[in-house]
Amino acid sequence: MKRMNADRTSRAGRREASRETRPARRSRAGAHDRVLLMVGTRKGAWLYHGDGHGHWRVDGPHFLGHIINHLVLDPRDKHTLLMAAKTGHLGPTIFRSDDLGRTWQEAAEPPAFRKAAEGETARAVDHTFWLAPGHTDDARAWYAGTSPCGLFRSEDGGATWRGVDGFNNHPMHPKWFPPEDATPDGSVIHSLLIDPRDASHLYVSASGGGTFESTDAGASWSPLNKGVEVNFQPDTYPEYGQDPHCVHLHPLAPDVLYQQNHCGIYRMERSRGHWVRIGENMPKDTGDIGFPIVLHPRDPDTVWVFPMDGTTVWPRTSPGGRPAAYRTRDGGQTWQRQDRGLPREQAWYTVKRQGFTCDQRDPLGLYFGTTSGELWMSTNEGKSWHQMAAHLPEIYSVVAATLR
Amino acid sequence: MRVLIPTPLRSYTGGEAQVDGCGATVAELFANLNAAFPGIRFRMIDEQERIRQHLRIFVNREQVRDLTVPLRPTDEVQILQALSGG
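These protein sequence lines map, in sequence, to chains A and B.
Numbering-wise (my numbering), the first sequence opens with residue 1261 and increments by one.
Numbering-wise (my numbering), the second sequence opens with residue 781 and increments by one.
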């Protein structure tokens, strides 16, 4: 299917459009800035402190045995960590540290749906899947996406949480996120995006359900899925019901969004209102199926994905047992394989949607964690990779923060 | 009354395997436990007042599945972790 050609704009044209909406340029991080790498796994969390000169200090495990779906540093203060945790036996909670993980406090009121009235579906949070710091101007705000599909907001740095009623109680919620369409580990809300120009402009995505947009701080929502294929339903281009795996907007060009979907890689210019399948330009023997997508923080046209095998019965492993990242530098028109240093054969891992990330250094550092518990990094924007750690539990999330 | 705490919840009780509790029902007991050990209740009981899937509560060695079950001061309440996978 060649849906993108009719919609393709030139790189120069896109850059021109991007400049119109581009916020003030951020100062560029140096090659030797310190990096904090936050790793959430099925059995606990680890922190890797990089000194900027190639040395890493390992701090962990934290909460050994806990299921850690996401561990995120607050970029506004650079010392507060929030962690989404649960265990096999216990209910979900949020842990907070204001000293980079030396001590932890539990949220007084973790995300929880309101008590169901008679006749209502009684929803209970199984786990918090995604954590996102609020807008820069909203210093204590955080958002959380849960399974089953729920959106929550904290206004006190993660200590107490309230449901975003406009989302959780939207009349279409049961149709947008029907329980029977849940992914194997339960439906999840993820990719909580905040327009850096406008704190009330939000995007969330659901697996399954699609991507949704609010321009009034979450009071109302609309589907934003035009052009995204659903090859697991009779209607292959419905208004909702898609399965975005990971969605990002570009911090310098917030009207440019990218997503790695169950059905390919897509790009959207918000003013156009529909997604274009840039994954059509990936090598056919690799395909454009995967979980994560990473955006270069200084170039809206540079993006990385980590393909997996989405053929036959969907192994979701590295295609052919040969893992590789793929990079585009022209908004998805062309892609380059980046596998130097990675196993050449018999490597059958998966990189989950929160498992691939970048820091802010120049050149950019890239990091990914695998379902087989390996942590890999590149200090040269993917030209070569080396293994940082092995034998960790299954890695669910990797988040990098650049510290100065 | 005596309340036996399983290992996953002892981070709330300062490592204690056994604590004193009070309440005329299981629900009251858990509310009082939460006052003494903040956060412990939500790890066991969800927001719809349901006992979480992999926890078991026994009163005098009889399993209870309802938070309205009455309690006496002489009862022993045992909280146990069930099987939850590998």
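Just so it is clear, CB atoms sit at the ideal spot from N, CA and C, and this is done for glycine as well.
None of the values given here were measured: they were computed from a predicted structure.
Check, Outcome
"Beta-carbon proximity check, P1514 (chain A) vs G1547 (chain A), cutoff 8 Å", "no"
"Burial state of L1462 (chain A) (16 or more Cβ within 10 Å)", "buried"
"Cα-Cα separation between S864 (chain B) and R832 (chain B), rounded to whole angstroms", "11 Å"
"Simplified DSSP assignment, three categories, for H1433 (chain A)", "helix"
"Closer than 8 Å to chain A by CB, F822 (chain B)", "yes"
"Distance, A1372 (chain A) Cα to R821 (chain B) Cα", "13 Å"
"N-terminal and C-terminal residue of the beta strand (DSSP E) that R1532 (chain A) is part of", "Looking at the DSSP string, R1532 (chain A) is not in any beta strand (DSSP E), and its letter there is neither H nor E."
"S1447 (chain A) burial status per 10 Å Cβ neighbour count (16 or more: buried)", "buried"
"Residue interval of the alpha helix (DSSP H) (run including R823 (chain B))", "820-824"
"8 Å Cβ cutoff, E1440 (chain A) in contact with chain B", "no"
"Check whether T1347 (chain A) and I1327 (chain A) have beta carbons under 8 Å apart", "yes"
"Straight-line Cα distance separating D1455 (chain A) from G1533 (chain A)", "16 Å"
"Residue-level contact to chain D via CB, F1566 (chain A), 8 Å cutoff", "No chain D is part of this structure, whose protein chains are labelled A and B."
"Alpha-carbon to alpha-carbon, L1484 (chain A) and S1531 (chain A)", "12 Å"
"Chain A contacts made by the region 842-863 of chain B, where a contact means CB separation under 8 Å", "Q861, A862"
"Neighbourhood of P1653 (chain A) by C-beta distance below 8 Å, restricted to the same chain and skipping five residues each side", "T1301, R1302, K1303, G1304, G1633"
"Short Cβ contact (8 Å threshold) for R1621 (chain A) with P1552 (chain A)", "no"
"Simplified DSSP state of A1477 (chain A), which is helix, strand or coil", "coil"
"Spatially closest choice to L1512 (chain A) from A:F1389, A:D1561, A:D1397, A:A1466, by CA coordinates", "A:D1561"
"Alpha-carbon to alpha-carbon, D1416 (chain A) and R1400 (chain A)", "5 Å"
"CB contact check: S1287 (chain A) to chain B, cutoff 8 Å", "For S1287 (chain A), the predicted model reports a pLDDT of 49, less than 50, meaning its position is unreliable; a value from the coordinates is still stated below. So no, S1287 (chain A) is outside the interface."
"Identity of the residue in B:T787, B:M781, B:V849, B:V783 nearest L1350 (chain A) by Cα", "B:T787"
"Assigned exposure category for F1492 (chain A) - 16 Cβ within 10 Å defines buried", "exposed"
"Separation of R1604 (chain A) from N1329 (chain A), as counted between CA atoms", "29 Å"
"P1575 (chain A) vs A1291 (chain A) beta-carbon contact at 8 Å", "no"
"Per-residue burial, R1362 (chain A) [other beta carbons within 10 Å of its own, 16 or more giving buried]", "exposed"
"Sequence ranges, beta strand (DSSP E) only - wholly within the region 1620-1659 of chain A, length at least 3", "1626-1629, 1635-1638, 1646-1649"
"Cα-Cα separation, G1426 (chain A) to A1479 (chain A)", "4 Å"
"Beta bridge counterpart(s) of W1402 (chain A) as assigned by DSSP", "A:P1393, A:S1414"
"8 Å contact criterion, which V1385 (chain A) and P1438 (chain A) should meet: CB distance rounded", "Not really, about 18 Å apart at Cβ, beyond 8 Å."
"C-beta neighbour in chain A for G794 (chain B), strict 8 Å", "no"
"Own chain, CB closer than 6 Å to T793 (chain B), minus 5 neighbours either side, in chain order", "I785, V799, F817"
"Where N840 (chain B) falls: helix, strand or coil (DSSP)", "coil"
"Delimiting residues of the alpha helix (DSSP H) encompassing D1425 (chain A)", "1425-1428"
"Nearest to L860 (chain B) (by Cα), restricted to the options B:T854, B:F838, B:V849", "B:F838"
"CB-CB length for V1332 (chain A) against V1659 (chain A), believed under 8 Å", "5 Å"
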